[in-house]
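Residue numbers (my numbering), protein chains in the order written: chain A, 1 to 95; chain B, 96 to 420.
Idealized CB from N, CA, C, for every residue including glycine.
For reference, the structure discussed in these notes is given below.
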Amino acid sequence: MSTPTRFFRITLLRSAIGLPTRTSGVLKALGLHRRLKTVYHPVTQDVAGQVFAVKELVDVQEVDRALSDKEMKQLRQPDSGFYVERRAGERVMGS
Amino acid sequence: MLSRNVKRALLESRWPLPPTFLLPWAATLTTVSHATEASNIPPPLVNAGQHVSPERLERRHDQTSSNTPPAAAPTLQPANTSTPPALSESVRTLLPVLAAQGPHYITAHLYDRPYLLTAGDTVRLPFHMKNVEPGDVLRLNRASVLGSREYTLKAAAATPALKSPSMSSSLVLDETTGSLESHSMVMPEPGVSSSGSKIMPPHFVPHIAAGKVSYLDERLFVCRAVIMGVESEPLRVKEKTKRRQRKIKKVKSKHRYTILRVKEVRLRGPVSAAAREMQSGLAHKDYGIPSPPGHWSCAVRVSLSHIFAMPGPSYALKIFVMRTS
Chain A
1 MSTPTRFFRI TLLRSAIGLP TRTSGVLKAL GLHRRLKTVY HPVTQDVAGQ VFAVKELVDV
61 QEVDRALSDK EMKQLRQPDS GFYVERRAGE RVMGS
Chain B
96 MLSRNVKRAL LESRWPLPPT FLLPWAATLT TVSHATEASN IPPPLVNAGQ HVSPERLERR
156 HDQTSSNTPP AAAPTLQPAN TSTPPALSES VRTLLPVLAA QGPHYITAHL YDRPYLLTAG
216 DTVRLPFHMK NVEPGDVLRL NRASVLGSRE YTLKAAAATP ALKSPSMSSS LVLDETTGSL
276 ESHSMVMPEP GVSSSGSKIM PPHFVPHIAA GKVSYLDERL FVCRAVIMGV ESEPLRVKEK
336 TKRRQRKIKK VKSKHRYTIL RVKEVRLRGP VSAAAREMQS GLAHKDYGIP SPPGHWSCAV
396 RVSLSHIFAM PGPSYALKIF VMRTS
């Protein structure tokens, strides 16, 4: 099987509580188990049909690369907002 | 099955990094802006988002409600780092006034959480900062607001959005009739915005884009804090049990918190010499990066916090100040 070149980036924005079981089954098949979870699937007719079945609940983008969970977690990490300029006991710069 | 390609793409990353002495380790996730095409999308770990926003100076009146109108946004120069970026008119004229009116306060962000600080404040952070010892001097370089009694310098906020821009309309030349009236809805290429002039981040994460704040240019201010020590809360015991269950499990908690003391909060940039002298008289000796007398290097800096901003008419641009010698 050739490596897929394009991926769907699917994010669940709305919950399927109260919707028919078939809809939540589609979300489970896609791997979207909670709100705001993001999954990557190759662009195929099967996946496109699944997305179409839950199109009101998800946000979809077409991207070139699929991110792994570790990469997505690293993207979520906020900037620390500081850096250590001088350690205790170090000599002052220029003096 | 993609792990080998991912690893190779990450290892042979060819995107230039900003100077490391200015950035913490997490800045490897950011990238300097450059002109990109759809094929030149950087690895997703590297930010490719760009923003434009006016850093406008507002005058606050306690009695009157009139505000100076926000100045025009500076133009975006994505790839050209050699030309001096332009400050908005109000910032250029009012920055010396702001600098002369001490003392100053700053809203510094540590891990994206805001803290309103001024020189001499003692801050008890809600977490224990690792790998630092009492006496270490920290340089806080993420700030959203910097102000004095009557003037405030802030970066314009990027508009958050929940949905990615999935559709864009483009005029299609109808081959049969030759008219431009028919429209087609096409998905935009990732990394290329529909407007053509701005650059989209390769991956849009809706829920992360929602709460992001835009920051000031870090070359406009200096904020230093020293670690005073670590404080711990009183011991608290949580009892865990269920109904009609005699066994009670006890869980102890005694969290530790880092204490900082803010040493100085001052402005840099195109402030007048008199204002600078006044500031330096009050501040401690500058232990930071020595600034050359008349030369500032210019670059357009992009921060991770803007990676997920909504691509649209407004991006927050962190611009460097060009000081003419």
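- For residue 80(A), no alpha helix (DSSP H) run applies, since DSSP gives it neither H nor E.
- The continuous stretches of alpha helix (DSSP H) do not include residue 207(B), and DSSP gives it neither H nor E.
- Contacts with chain B (Cβ-Cβ distance below 9 Å) from the stretch 62-88 of chain A involve 62, 63, 64, 65, 66, 67, 68, 71, 72, 74, 75, 76, 77, 78, 79, 80, 81, 82, 83, 84, 85, 86, 87 and 88, listed in chain order.
- Per the Cβ contact rule, the stretch 232-244 of chain B is in contact with the stretch 76-92 of chain A (3 or more Cβ pairs under 8 Å).
- Between residue 358(B) and residue 332(B), the beta carbon gap of about 38 Å keeps them out of contact (Cβ cut-off 8 Å).
- In the displayed model, residue 312(B) falls within coil according to three-state DSSP, outside both helix and strand.
- Considering only beta carbons, the part of the stretch 208-236 of chain B lying closer than 7 Å to chain A consists of 227, 228, 229, 230, 231, 232, 233, 234, 235 and 236, in chain order.
- In the three-state scheme derived from DSSP, where H, G and I count as helix and E and B as strand, residue 69(A) is classed as helix.
- By the neighbour-count definition (other C-beta atoms within 10 Å, threshold 16), residue 347(B) is an exposed residue.
- In the three-state reduction of the DSSP assignment, residue 356(B) falls in the strand class, which pools E and B.
- Residue nearest to residue 197(B) within the set 244(B), 326(B) and 310(B) is 244(B) (criterion: CA-CA distance).
- Under the Cβ criterion of 9 Å, residue 199(B) is not counted among the residues facing chain A.
- For the pair residue 10(A) and residue 30(A), the CB atoms are nearer than the 9 Å cut-off.
- In the structure shown, the three-state DSSP call for residue 339(B) is coil.
- With respect to the C-alpha of residue 44(A), the residue from 35(A), 57(A) and 62(A) having the closest C-alpha is 62(A).
- In the three-state scheme derived from DSSP, where H, G and I count as helix and E and B as strand, residue 11(A) is classed as strand.
- Taking a Cβ-Cβ cut-off of 8 Å, the neighbours of residue 205(B) in chain A comprise 80, 81 and 82, given in sequence order.
- Annotation: residue 311(B) to residue 239(B) spans about 5 Å, alpha carbon to alpha carbon.
- Take residue 217(B), set aside five residues on each side of it, and the residues of its chain with a beta-carbon closer than 6 Å to its own are 356, in chain order.
- When rounded, the separation of the alpha-carbon atoms in residue 33(A) and residue 68(A) is 16 Å.
- One finds nothing in chain A with a Cβ atom closer than 9 Å to the Cβ of residue 363(B); even the nearest lies about 15 Å away.
- Annotation for residue 61(A): the continuous beta strand (DSSP E) segment containing it runs 58-63.
- Put simply, the stretch 199-218 of chain B touches the stretch 70-81 of chain A. At least three CB pairs are less than 8 Å apart.
- The residue among 328(B), 248(B), 336(B) and 315(B) with its C-alpha nearest the C-alpha of residue 221(B) is 328(B).
- The Cβ atoms of residue 193(B) and residue 242(B) sit closer than 9 Å to each other.
- DSSP places residue 324(B) in the strand class (E or B) of the three-state scheme.
- Burial state of residue 59(A) is buried, judged by a 10 Å Cβ sphere holding 16 or more other Cβ atoms.
- In the DSSP assignment, residue 248(B) falls within the unbroken beta strand (DSSP E) covering 246-250.
- 318(B) is the residue among 326(B), 219(B), 318(B) and 336(B) whose C-alpha sits nearest the C-alpha of residue 213(B).
- Interface criterion met: the Cβ of residue 320(B) is under 9 Å from a Cβ in chain A.
- Secondary structure of residue 42(A) (DSSP, three-state): strand.
- The three-state secondary structure of residue 5(A), taken from DSSP, is coil.
- If you draw a straight line from the Cα of residue 314(B) to the Cα of residue 225(B), it is about 26 Å long.
- With respect to the C-alpha of residue 316(B), the residue from 184(B), 326(B), 185(B) and 190(B) having the closest C-alpha is 190(B).
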